[in-house]
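**Student:** The numbering used here numbers the first residue of the sequence shown as 98 and each following residue consecutively. Ideal placement from N, C-alpha and C gives every residue a C-beta, glycine not left out. Just so it is clear, the structure is predicted and the values come from calculations on it, not from any experiment.
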Amino acid sequence: MKKLLSLAFIAIITLFACQGMAQGNAENVATDVINAYKNKDVTLLKKYLTSIMVYDVNDNFFDSSDGKPLAEIAEKWDGTIKEIRYSKGDMMGKTVLLASVYFSDNPNGNINVVILTSYEKSDWKAFAFGIEDITKEEFEQGSKEIPEETNDVIIDHSAFSIEMANGDAFENPSTEKLIELLKSLDDDNFFLILNSKRGFLQASTSEKGFIVQYSDDTGMFEAEAYFTFDMLNDIFEAYIDSKEWKEKAVWVGM
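#1: Could you round the C-beta distance between Ser197 and Ile212 to whole angstroms and report it? I think they count as a contact, below 8 Å.
#2: Ordered along the chain, which non-local residues of its own chain (more than five positions away) have a Cβ less than 8 Å from that of Phe297?
#3: Can the beta-carbon of Asn155 be found closer than 8 Å to that of Val139?
#4: Short check: CB of Phe236 to CB of Arg182, under 8 Å?
#5: Report all residues from its chain with a CB closer than 8 Å to the CB of Pro244; omit the five preceding and five following residues, and keep chain order.
#6: How do the stretch 157-168 and the stretch 216-229 stand: do at least 3 beta-carbon pairs fall below 8 Å, yes or no?
#7: Do you know how far the Cα of Gly306 is from the Cα of Tyr336?
#8: Excluding sequence positions up to five away, which residues of its chain have a Cβ less than 8 Å from the Cβ of Ile89?
#9: Tell me which same chain residues have a C-beta within less than 8 Å of the C-beta of Phe287, skipping the five on either side of it?
#10: Given Lys340, which residues of its chain have a CB within under 7 Å of its CB, disregarding the five upstream and five downstream residues?
#11: Quick one: Cα of Val250 to Cα of Trp342, how far?
#12: Does the separation of the CB atoms of Ile178 and Ala127 fall below 8 Å?
#13: When the distance is taken between beta carbons, is Tyr145 closer than 8 Å to Ala223?
#14: Terminal residues of the continuous beta strand (DSSP E) containing Glu222?
#15: Determine, using beta carbons only, whether Trp348 and Phe318 come nearer to each other than 8 Å.
#16: Thinking Tyr199 and Glu172 are a contact (beta carbons under 8 Å), I'd like their distance in whole angstroms, please.
#17: Could you check how far apart the C-beta atoms of Ser215 and Ala256 are, in whole angstroms? I think they sit under 8 Å.
#18: Can you list, in chain order, the residues of its chain with a C-beta nearer than 7 Å to that of Gly239? Leave out the 5 residues immediately preceding and following it.
#19: Check the DSSP bridge columns for Asn209 and list the partner residues they point to.
#20: What do you reckon, are the CB atoms on Asp338 and Thr272 nearer than 8 Å?
#21: On the three-state DSSP scale, how would you describe Asp313?
#22: Would you mind reading off the limits of the beta strand (DSSP E) that contains Ser293?
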């Protein structure tokens, strides 16, 4: 099965969905999607696909390499929705919601979910072909309640850039992209530098944890203690979003 893609890509797809309407009920939409596969109902499935995906579905879809495995999962569904988890992202300052609707267990050890998206309160639409299998850990990262709307200030990241040990470089990175790159650090791709107008914040791997250093117009400093990944995530997110970050460690001059 395909893995969940980033919220940024999800947002791009959902831009093609109808906008300005209430989201509706994610459980009802997911139930329709599952039943569309269970009953091999092309018309019902197309109702919930984004315009970019609907052209890939025809009368032969449920016998295709894309549709057949999903139909087989749906055929075994017992009719109950186990749980729904939600998460929120942004796309060009607009809110994108993601709903993962857990409906059955997969023999491979993962769980089967219907993944739905809503852009700026548009009706729920299926992400890709709707049904995916994901790990329970991925599912539980979501919230049990739909995240509330906020008036968050959109942070300008145009002054930031990222350099990786493997030579990859990224201009104007999103916070989500930064966290994705931090997760990719390993023994081969062992450091990340987040550059800004005021200097830089960098992390490198070690056997004991992450080594974190920063530089500004007062000099170069290193965190006294090793960082866990959660700590690393926290300080880099604060740095790129121009929030308080220095108090997250005790710093020693280099």
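**Tutor:** The structure says:
#1: Numbered from its first residue, the sequence shown carries residue 197 at position 100. Numbered from its first residue, the sequence shown carries residue 212 at position 115. With a Cβ gap of about 6 Å, Ser197 and Ile212 count as contacting.
#2: The count along the sequence shown starts at 1 and reaches residue 297 at position 200. Leaving aside the five residues that flank Phe297 on each side, the residues in its chain whose CB is nearer than 8 Å to its CB run, in chain order, Ile290, Leu291, Tyr311 and Ser312.
#3: On the sequence shown, residue 155 is found 58 positions in, with the first residue counted as 1. On the sequence shown, residue 139 is found 42 positions in, with the first residue counted as 1. By the CB criterion at 8 Å, Asn155 and Val139 fall inside the cutoff.
#4: To locate residue 236, count along the sequence shown from 1; it is residue 139. To locate residue 182, count along the sequence shown from 1; it is residue 85. Contact: yes.
#5: Indexing the sequence shown from 1 puts residue 244 at position 147. Cβ within range, chain order: Tyr183, Ser184, Lys185 and Leu194.
#6: In short, these stretches touch, since the Cβ pair count reaches three.
#7: By one-based count along the sequence shown, residue 336 stands at place 239. By one-based count along the sequence shown, residue 306 stands at place 209. Each residue's Cα considered, the two are about 20 Å apart.
#8: What the structure shows of the chain is the stretch from 98 to 351, and residue 89 is not part of that stretch, so it cannot be assessed.
#9: Position 190 of the sequence shown, counting from 1, holds the residue named residue 287. Cβ contact annotation for Phe287 (same chain, cutoff 8 Å, sequence separation greater than five): Ala262, Ser301 and Thr302, in chain order.
#10: In the sequence shown, the residue the question calls residue 340 occupies position 243. No residues qualify anywhere along the chain.
#11: Taking the first residue of the sequence shown as 1, we reach residue 250 at position 153. Taking the first residue of the sequence shown as 1, we reach residue 342 at position 245. Here the model assigns Val250 a pLDDT of 47, short of 50, so the residue's position is not dependable and the matter cannot be decided.
#12: Looking up residue 178 in the sequence shown gives position 81. Looking up residue 127 in the sequence shown gives position 30. For Ile178 and Ala127, yes; Cβs fall inside 8 Å.
#13: For this step, residue 223 is matched to residue 126 along the sequence shown. For this step, residue 145 is matched to residue 48 along the sequence shown. Yes.
#14: Within the sequence shown, residue 222 is the residue found at index 125, counting from 1. Correcting the residue identity first, residue 222 is Lys in this sequence and not Glu. Lys222 to Ile231 is the extent of the beta strand (DSSP E) around Lys222.
#15: Counting from 1 along the sequence shown, the entry for residue 348 is found at position 251. Counting from 1 along the sequence shown, the entry for residue 318 is found at position 221. Cβ atoms of Trp348 and Phe318: closer than 8 Å.
#16: As a first step, residue 199 must be located in the sequence shown, where it is residue number 102. As a first step, residue 172 must be located in the sequence shown, where it is residue number 75. No, Tyr199 and Glu172 are not in contact; Cβ-Cβ is about 18 Å, not under 8 Å.
#17: Along the sequence shown, one-based indexing puts residue 215 at 118. Along the sequence shown, one-based indexing puts residue 256 at 159. Ser215 to Ala256, Cβ: 32 Å. No contact.
#18: Taking the sequence shown and counting its residues from 1, the one referred to as residue 239 is at position 142. The answer, listed in chain order, is Arg182, Tyr183, Ser184 and Ser197.
#19: For the purposes of this step, residue 209 is taken as the residue at position 112 of the sequence shown. Its beta-bridge partners are Ser201 and Asp230.
#20: Position 241 of the sequence shown, counted from the start, is the residue given in the question as residue 338. Position 175 of the sequence shown, counted from the start, is the residue given in the question as residue 272. Contact flag set, yes.
#21: Numbered from its first residue, the sequence shown carries residue 313 at position 216. Residue state, collapsed to three classes: strand.
#22: Translated into the one-based positions of the sequence shown, residue 293 becomes position 196. Run containing Ser293: Phe288 to Ser293, per the beta strand (DSSP E) assignment.
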